[in-house]
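So that you can map any letter, position 35 of the sequence shown is 35 in UniProt numbering, and since no number is skipped, the others follow by simple counting.
Backbone N, C-alpha and C define an ideal beta-carbon position, used for all residues, glycine too.
The structure displayed is predicted, hence computed values, not measured ones.
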Amino acid sequence: MKERIKDKLRKYKLIVSLYRKLRGTKREGTGWEKVAKQLKDKQILFCKDNPSVETLHLEIDQINKKQISEWGAMVYCGGALYQGYNKLGLFGVKPTEDRLERYDAFRYINSESCVLDIGSNAGFMSCEIATKAKSVLALEYNNYLNEIGRATANHLDLKNVEFLDKDFQKFSSERRFDCVLSLSNHHTIDGGLNISFEQYINKIYNLMADGGILLFESHNVWVDDSDLAEKFKIASKYFELERSKMVEAFFKPDIDKLFAVFRRRDQIFNGDSLLNFDFSKAIEAYDFIEY
Numbered sequence: 001m002k003e004r005i006k007d008k009l010r011k012y013k014l015i016v017s018l019y020r021k022l023r024g025t026k027r028e029g030t031g032w033e034k035v036a037k038q039l040k041d042k043q044i045l046f047c048k049d050n051p052s053v054e055t056l057h058l059e060i061d062q063i064n065k066k067q068i069s070e071w072g073a074m075v076y077c078g079g080a081l082y083q084g085y086n087k088l089g090l091f092g093v094k095p096t097e098d099r100l101e102r103y104d105a106f107r108y109i110n111s112e113s114c115v116l117d118i119g120s121n122a123g124f125m126s127c128e129i130a131t132k133a134k135s136v137l138a139l140e141y142n143n144y145l146n147e148i149g150r151a152t153a154n155h156l157d158l159k160n161v162e163f164l165d166k167d168f169q170k171f172s173s174e175r176r177f178d179c180v181l182s183l184s185n186h187h188t189i190d191g192g193l194n195i196s197f198e199q200y201i202n203k204i205y206n207l208m209a210d211g212g213i214l215l216f217e218s219h220n221v222w223v224d225d226s227d228l229a230e231k232f233k234i235a236s237k238y239f240e241l242e243r244s245k246m247v248e249a250f251f252k253p254d255i256d257k258l259f260a261v262f263r264r265r266d267q268i269f270n271g272d273s274l275l276n277f278d279f280s281k282a283i284e285a286y287d288f289i290e291y
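Okay, here's the thing in structure tokens:
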């Protein structure tokens, strides 16, 4: 099994390497433009049937156009919304409600939960979580995305979600969070985050309340996160791994990712790893593995 996984990984890396040589360093495939058009057409139809969201859509469209023309870093997914919010007709590559259901997120979030969303993107996840949580702090260094989040929160009349224009590396807080979301944010392909994985995990640990929950999603387990087993060993010094599963991409140009639930340890463990994690099994399991 492990040899088959390693062989698959080698082949995948070769394909990616050849692809990048043909396309330069650009990480966006032409398939995203087609997806972006499909999502936009769906959004237009939704607005016709639900005129109450039209003003919000116009505001977000204006912000998004400004982002594409002015934001210096990479704009993902051919200009389509990365996050989606189906109940508002804001259709994106990763629909918020479906993601939260797949993650079983509200098993860990309730009316007493203070939540930190690292790299909150357009803030749709933060807004939906705010409907259940005590408070949500959405941390995103792209101010245009935060503008979208604030517009959405205002439309929903949410008073318990805050959007902060801040790089996680520079973020500090006296607050201690019951739940932290790190969804494909432990490093970024646009170079926006440049700290080691252990520095990243250690910082999260110090921001969390005792027994707090970390909801973690990988990058590409065949390329960017092919060393995920080593990363999870590092994480196990600070957190206990409770469960994991692969999550299927919603659109074909995207990739499947590994989602994991960690619980904060009472104290940092400095001995040999306590992790019971088989990477080769984890990346083939699309139902939760309990640890």
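Judged by beta-carbon spacing, Gly84 lies within the 9 Å limit of Gly92, meaning their Cβ atoms are closer than that value.
The closest CA to that of Ala235, considering only Ser218, Trp222 and Leu88, is found on Ser218. In this structure, Leu145 lies away from Val115, with their beta-carbon atoms at least 9 Å apart. Between the stretch 206-226 and the stretch 97-108, the count of Cβ pairs shorter than 8 Å is three or higher; the stretches touch. Cβ-Cβ distances below 6 Å link Asn220 to Ile255 in the same chain, with the five nearest sequence neighbours on each side left out; the list follows chain order. For Cys179, same chain residues with a beta-carbon under 6 Å away, outside a window of 5 residues either side, are Tyr108, Ile109, Ser113, Val115 and Ile213 in chain order. Under DSSP, Pro95 takes part in a beta bridge, and its partners are Gly84. Contact check for Gly149 and Ala122: beta-carbon distance about 6 Å, within the 8 Å limit, so the pair qualifies. Here Phe259 is bridged, per DSSP, to Glu217 and Lys245. One Cα belongs to Ala133, the other to Cys127, and the distance between them is close to 10 Å.
Asn143 counts as exposed, since fewer than 16 other C-beta atoms from the protein chains shown sit within 10 angstroms of its C-beta. Counting the other CB atoms within 10 Å of its CB gives Gly72 a total below 16, which places it among the exposed residues. Going by DSSP, Ser69 is part of the alpha helix (DSSP H) stretching over Glu54 to Glu70.
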